[in-house]
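Data block below; observations after.
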Amino acid sequence: MAHVVVMGAGIGGIPAAYELKEALGKEHRITVINKFPYFQFTPSNPWVAVGWRKREEITLDLAPIMGRHGIEFIAAEVTKILPEENKLELNDGSAITYDYLVIAAGPELAFDEIEGLGPEGGHTQSVCTVDHAEKAHAEWEKLCASPGPIVVGAVQLASCFGPAYEFAAIMDTDLKKKGIRDKVPMTFVTSEPYIGHLGLGGVGDTKGLLESELRDRNIKWITNAKVEKVEDGKMFVTEVDEDGNEKKKHELEFGFSMMLPAFRGVKAAAGIEGLVNPRNFIIVDEYQRNPKYQNIFGVGVCIAIPPLEATPVPVGVPKTGYMIESMVTATVQNIKQLINGQQPTHHPTWNAFCLADLGDKGVAFIAKPQNPPRNLNWASEGKWVHWAKIAFEKYFLYKVRSGISEPFIERLVLRGMKLFRVK
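For the sequence shown, this note's numbering gives the first residue as 19, with consecutive numbering after it.
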């Protein structure tokens, strides 16, 4: 009997556990370890921050759910990965051994890299976790009671830009509903070289679509922006030119700010030569397997992907749900092959698909493959994206409860492409 441990219970970890259970059957043991006892649907956090969702609507208690589906669950933080011993040390003092390890732990949020950044001892808010989103909502209520300027965006080395655009537009929509939008100047600050770059060099006309959205919503923007530090109510930003030379310094006052941080990889793997890169992202080959420790696989935001291109201010590469699903499926099939004494043959597609909700409508894009040149380079907008994002939320939560292993996003993409006749 093989013991497969999945480290992390998010968008990548939960599908990995369910697909492993289906692929390997009852004769093999599956264990999920997660820092928190609950699953949180991270894409809904911007809605939590403005009060459109409650915590209990987007979180699920994992122990009973995993138990129903024959998967062991441990609510603990992995403090150290010991790959030479095939062992994980946990923060409760215990340890667990594995035959195969799937690391789907998500990122470490690098707020500490910029003075004054973040909700924990800093002056900006975050929508990266449900805890952060709840704290942001409390600050949002204060802003709405006493309107003032907003600064929103993503700092240098950020690799997840979609939620920044989403949250800017969602705040705009909510303020209009409350009848106080005219009292709240908004500025979008991003390390991207241009609006709609997204760490991907743009997809379709994301540049035009998102610039148009910001203009229509009277949101000013600063690109090629490096956040130097944040004080209470003030952000210090250096804007650079295309060669990286200082162009202009900005001191932006705010009553509310949400800035997405840079990510680091897996803290429990820090400094393990051959397993992680200098920022602790898991190194994987074309099979999602670590080249040095070949019984360790990585999926999701925690894996190392080199930047698409050099930019005046460094940006990271996003890992979307569509891409993560393909990573999971390849990983599961490769582990099955290894257990059966075969060599791995399955490759992830690494295509990108994103639904960006803008409060009252949205922008969707598909990049196949993620990095250009592409076979498909498509973007569109409309109210249907807003409703598709809600449908994705409802379905994924249902999927977690029911133990469905079928990749949902791929099915949604294929049906959507047929509906919109995207070739």
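We put the beta carbon where it would ideally sit given N, CA and C, even for glycine.
Helix, strand or coil: which one does DSSP assign to glycine 226?
The answer is helix: DSSP assigns glycine 226 an H, G or I state.
Using only CA atoms, which one of Ala122, Trp65, Ile99 and Val120 lies nearest to alanine 113?
Among Ala122, Trp65, Ile99 and Val120, the Cα nearest to that of alanine 113 is on Ile99.
Taking all protein chains shown into account, do 16 or more other C-beta atoms lie within 10 angstroms of the C-beta of threonine 191, making it buried, or fewer, making it exposed?
Threonine 191 should be labelled buried.
Only counting the same chain, and skipping five residues up and downstream in sequence, which positions put a Cβ closer than 7 Å to that of alanine 287?
Cβ within range, chain order: Ile99, Leu293, Val294, Asn298 and Ile300.
Since I believe leucine 80 is in contact with glutamate 95 (beta carbons under 8 Å), could you give me their beta-carbon distance rounded to a whole number of angstroms?
The pair is not a contact, with the Cβ atoms about 14 Å apart (cut-off 8 Å).
Is phenylalanine 272 helix, strand or coil by DSSP?
Of the three classes helix, strand and coil, the one that applies to phenylalanine 272 here is coil, per DSSP.
For the beta strand (DSSP E) that contains threonine 14, what are its first and last residues?
Outside the shown range of the chain, which is 19 to 441, sits residue 14, and nothing can be said about it.
Can you name the start and end residues of the beta strand (DSSP E) that tyrosine 56 belongs to?
56–58 is the extent of the beta strand (DSSP E) around tyrosine 56.
Ignore the nearest five residues each way along the sequence and tell me which others in histidine 87's own chain have a CB closer than 6 Å to its CB.
Once the five neighbours on either side are set aside, the close Cβ partners of histidine 87 are Gly421.
Take the Cβ of alanine 154 as the centre, count every other Cβ of all protein chains shown within 10 Å, and call the residue buried at 16 or more, exposed below.
Alanine 154 should be labelled buried.
In this structure, what does DSSP give as the bridge partners for arginine 47?
Bridge partners of arginine 47: His21.
For isoleucine 198, which of helix, strand or coil comes out of DSSP?
In the structure shown, isoleucine 198 sits in coil (DSSP, three-state: anything other than H, G, I, E or B).
Just list the residues that DSSP pairs glutamine 355 with in beta bridges.
DSSP output for glutamine 355 lists no bridge partner at all.
Determine the contact status of glutamate 231 and leucine 373, defining contact as a CB-CB distance below 8 Å.
Cβ atoms of glutamate 231 and leucine 373: not closer than 8 Å.
Tell me, please, which residues DSSP counts as bridged to lysine 267.
Answer by DSSP bridge pairing, in chain order: Thr256.
Just the C-alpha distance for proline 211 and phenylalanine 57, rounded to the nearest angstrom, thanks.
So the two alpha carbons sit approximately 34 Å from each other.
In terms of residue numbering, what span does the alpha helix (DSSP H) encompassing aspartate 149 cover?
Aspartate 149 -> alpha helix (DSSP H) spans 148–163.
Could you spell out where the alpha helix (DSSP H) holding glycine 525 opens and where it closes?
Residue coverage of the chain in this structure runs from 19 to 441, which leaves residue 525 outside it and unanswerable.
Label proline 82 either buried or exposed according to how many other C-beta atoms from any shown protein chain fall within 10 Å of its C-beta, with 16 as the threshold for buried.
Classification of proline 82: exposed, given that the 10 Å Cβ count is below 16.
Is the beta carbon of leucine 326 sitting closer than 8 Å to the one on cysteine 178?
For leucine 326 and cysteine 178, no; Cβs fall outside 8 Å.
Pop quiz: threonine 205 and leucine 216 are said to be a contact at Cβ under 8 Å. What is the actual Cβ separation, rounded to whole angstroms?
Incorrect: roughly 19 Å between the Cβ atoms, too far for contact.
Would asparagine 242 pass as a contact of proline 330 if the rule is Cβ separation under 8 Å?
Result yes, Cβ atoms of asparagine 242 and proline 330 sit closer than 8 Å.
Could you compute how far the alpha carbon of lysine 267 sits from the alpha carbon of phenylalanine 185?
Spanning the two alpha carbons is a distance of roughly 25 Å.
Just the Cα atoms here: how many angstroms apart are tyrosine 116 and proline 324?
If I take the Cα positions, the gap works out to 29 Å.
If you reduce the DSSP assignment to three classes, tell me which class tryptophan 239 lands in.
It is a strand residue.
Count the other CB atoms, across all protein chains shown, that sit within 10 Å of the CB of asparagine 369; report buried if there are 16 or more and exposed otherwise.
Per the 10 Å Cβ criterion, buried.
In angstroms, rounded to a whole number, what distance separates the CA positions of aspartate 110 and leucine 270?
The straight-line gap from Cα to Cα measures roughly 43 Å.
Given glutamine 355, which residues of its chain have a CB within under 7 Å of its CB, disregarding the five upstream and five downstream residues?
Result list for glutamine 355: Gln361, Pro362 and Thr363, in chain order.
Glutamine 312: buried (16+ other C-beta within 10 angstroms of its C-beta) or exposed?
By the 10 Å Cβ count, glutamine 312 comes out exposed.
Under 8 Å Cβ to Cβ from leucine 228, same chain only, skipping five residues before and after it: list those, please.
Same-chain partners within the cutoff: Tyr183, Ile213, Gly214 and Val381.
Alpha carbon to alpha carbon, what distance is there between cysteine 146 and proline 203?
So the alpha carbons of these two residues sit roughly 24 Å apart.
With contact counted as at least three CB pairs below 8 Å, one residue from each stretch, are the region 120–133 and the region 244–252 in contact?
Yes, the region 120–133 is in contact with the region 244–252.
Consult DSSP for alanine 123 and reduce its assignment to one of helix, strand or coil.
Here alanine 123 sits in coil by DSSP.
In whole angstroms, what separates the C-alpha of histidine 365 from that of aspartate 303?
Their backbone Cα atoms lie some 9 Å apart in a straight line.
State the start and end residues of the unbroken beta strand (DSSP E) segment that holds valine 170.
Looking at the DSSP string, the run of the beta strand (DSSP E) that includes valine 170 is 168–172.
Between alanine 409 and aspartate 149, what straight-line distance do the alpha-carbon atoms span, to the nearest angstrom?
The straight-line gap from Cα to Cα measures roughly 23 Å.
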